[in-house]
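Residues in the sequence shown are numbered from 201 upward in steps of one, following the working numbering.
This report concerns only the one structure given below.
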Amino acid sequence: MGKKKSGDKKELPFVSICTPTFNRRPFWEYTIKCFMHQNYPKDKMEWIIIDDGTDKIKDLVEGIPQVKYYDYDGKMPLGKKRNIMHDKSKGDIIVYMDDDDYYPPERVSHAVNMLMTHPSALCAGASEIYIWFKHIQKMYQFGPYGPNHATAGTFAFKRELLKDHRYEDHAALAEEKAFLKNYSVPFVQLEPKKTILVFSHIHNTFDKKKLLEQGENDYQKTSPRTVDEFVKDEAMRHFYMEKIDGLLQNYKPGDPSNKPDVLKQIKEIEEERKSMAMQQSGGQGQIVLNQNGQQIVLNNEQIVQIIQKQQEQLQHFAKMLEDKDKIISGLESQLEVYKIMNEKNNSIIQLLQKNQ
C-alpha cells in the first residue's frame, strides 16, 4: 500500500504557484498560511512571487524553501507581471493564488486533479465564486457566467496553454478575456468551495461594493452559504472577517490611489460599457430592468447574459414540446390500431349474429 502511494506521488505533476503582489503587506501572514496549508506535496511545488511594490515583502517569505521571489522597481501592469511569472516558472501546471483572497487546503490538489482527469481541458477555473461583504454581513454568489469562463484568481492551467497564449502587457484589469481568447480555450470548471473565497475590503483594486449597485439578478444574488463552510480555521476566519480592516486603515501604501494605471483602466471600461449600451439601445438611453420594485441599469455584458439564458430556456422548452409531440404521435398510432381492432370486432359480432 505504501509503495503504491509513493508511486502515485511520483506521477503527480510539478506545480508552479504564481502570485503577483503590490503593497499588500498586511495580507501576507495569511497569504503564506494559505500556501502552507495546501494538501498537495510541498516537494512538488514552487511559489513564484513577483513584487513591484514600494513596500517589498521579501523579508516575510525568504525562509520558505519553495519561494522564488523576484522584486522590481517601478509599478508594472498586471498583464505584464503575469507574463513574467509564467516565464520564471517551470511547473507542468500553473496555479494562481492572489495575495488578498482565501484559498482552501484543496486549492492546488483539486485543480490538478480536474486537469489530469479531463485531458482535453487546457485550463481550469471557477465561473461561480462567492464574495463576503462585511459592511452588510452578507455572502453573495456571482455567476456562473459560462462553461469556459472564470476569473483569473481561480485559474489553473497546463503549461501547454502558454505556447500561444499571453496576457496583454498593458492590461491592468479584466485581463482574463484576452488571455483565454474570448473564453474559447478548452476548459473545466472547478468547485467554488475547493477553490476560493473572496473578501471585499477597502484596498480592493476594483471596489467590489460597486457590484452591489446593480441589484440582484440571475448572475449575482445573496447566498445562504456561510464563511464557516469555506474557512474551517478559526484564526483565518477572524483575520479575514475582523482583523484585516483595521490593518488596512493604517496602511497607506496599499491605497488604490497608488494604482493609477488600474484606476484609469476601470474608468475606460466603464465608459466603453456605457457607450456600447447607448449604441445597442439606438442612442435612446440606457436599458433598465424593473426588478422587485427597483430600477436596475443593465450593462452590455448583463444584457447578453440575459439573452443567452433566455435562449437556453427556449431551447429547453422546445425540447419538451418535441418530446410531448412524440408522445402524442405514439398515442395517435395506438388509437388507429384500436380503431382497426374495434372495426374487426364489430364485423365478427355482426357475422355471429347473422348465423344465430
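Heads up, the beta-carbon is just placed ideally off N, CA and C, and yes, glycines get one too.
Please state whether DSSP places residue i in a helix, a strand or coil.
i: residue 325; result: strand
i: residue 336; result: coil
i: residue 213; result: coil
i: residue 277; result: coil
i: residue 439; result: helix
i: residue 417; result: strand
i: residue 285; result: helix
i: residue 251; result: strand
i: residue 331; result: strand
i: residue 391; result: coil
i: residue 408; result: coil
i: residue 423; result: strand
i: residue 245; result: strand
i: residue 455; result: coil
i: residue 271; result: strand
i: residue 347; result: coil
i: residue 222; result: coil
i: residue 399; result: strand
i: residue 230; result: helix
i: residue 528; result: helix
i: residue 381; result: coil
i: residue 449; result: helix
i: residue 554; result: helix
i: residue 302; result: strand
i: residue 355; result: coil
i: residue 296; result: strand
i: residue 266; result: coil
i: residue 238; result: coil
For residue i, which of the options has the nearest alpha-carbon?
i: residue 269; options: 293, 289, 277, 550; result: 289
i: residue 395; options: 309, 252, 378, 322; result: 309
i: residue 281; options: 258, 249, 295; result: 249
i: residue 304; options: 325, 551, 238; result: 238
i: residue 212; options: 436, 383, 315; result: 315
i: residue 292; options: 438, 411, 378, 362; result: 362
i: residue 393; options: 230, 360, 261, 432; result: 432
i: residue 262; options: 531, 229, 285, 507; result: 229
i: residue 278; options: 256, 555, 376, 389; result: 376
i: residue 245; options: 235, 251, 252; result: 235
i: residue 347; options: 383, 442, 378; result: 383
i: residue 410; options: 333, 528, 450; result: 333
i: residue 379; options: 351, 536, 403; result: 351
i: residue 423; options: 338, 446, 414; result: 338
i: residue 503; options: 442, 530, 414; result: 414
i: residue 267; options: 446, 527, 247; result: 247
i: residue 430; options: 319, 542, 552, 307; result: 307
i: residue 442; options: 240, 264, 399; result: 399
i: residue 240; options: 312, 264, 286; result: 312
Using the Cβ count rule (16 or more neighbours within 10 Å means buried), how would you classify residue i?
i: residue 216; result: buried
i: residue 327; result: buried
i: residue 448; result: buried
i: residue 317; result: exposed
i: residue 550; result: exposed
i: residue 538; result: exposed
i: residue 484; result: Low confidence applies to residue 484: its pLDDT is 49, below 50, so where it sits in the model is not reliable enough to give any reading.
i: residue 428; result: exposed
i: residue 335; result: exposed
i: residue 243; result: exposed
i: residue 545; result: exposed
i: residue 534; result: exposed
i: residue 251; result: buried
i: residue 548; result: exposed
i: residue 555; result: exposed
i: residue 223; result: buried
i: residue 540; result: exposed
i: residue 205; result: The predicted position of residue 205 is uncertain, since its pLDDT is 46 and thus under 50; a value taken from the coordinates is nonetheless stated next. It counts as exposed.
i: residue 444; result: buried
Can you tell me the Cβ-Cβ gap for residue i and residue j, rounded? I've got them flagged as a contact below 8 Å.
i: residue 425; j: residue 330; result: 6 Å
i: residue 629; j: residue 219; result: The structure shown does not extend to residue 629, since the chain is modelled only from 201 to 556, so the question has no answer here.
i: residue 254; j: residue 456; result: Contact doesn't hold; Cβ gap of about 14 Å is too wide.
i: residue 232; j: residue 260; result: 7 Å
i: residue 365; j: residue 381; result: 7 Å
i: residue 397; j: residue 299; result: 14 Å between Cβ atoms; not a contact.
i: residue 191; j: residue 412; result: Absent from the model: residue 191. The displayed extent of the chain is 201 to 556, so no value can be given.
i: residue 321; j: residue 387; result: 6 Å
i: residue 294; j: residue 359; result: 7 Å
i: residue 451; j: residue 225; result: 7 Å
Task: Meets three-Cβ-pair contact criterion under 8 Å: the segment 339 to 348 and the segment 417 to 434 - done: Result yes; three or more Cβ-Cβ pairs closer than 8 Å.
Open item on the list: Can you confirm whether the segment 432 to 448 touches the segment 350 to 361 when touching is taken to mean that 3 or more C-beta pairs between the two stretches lie within less than 8 Å?
Closed with: no
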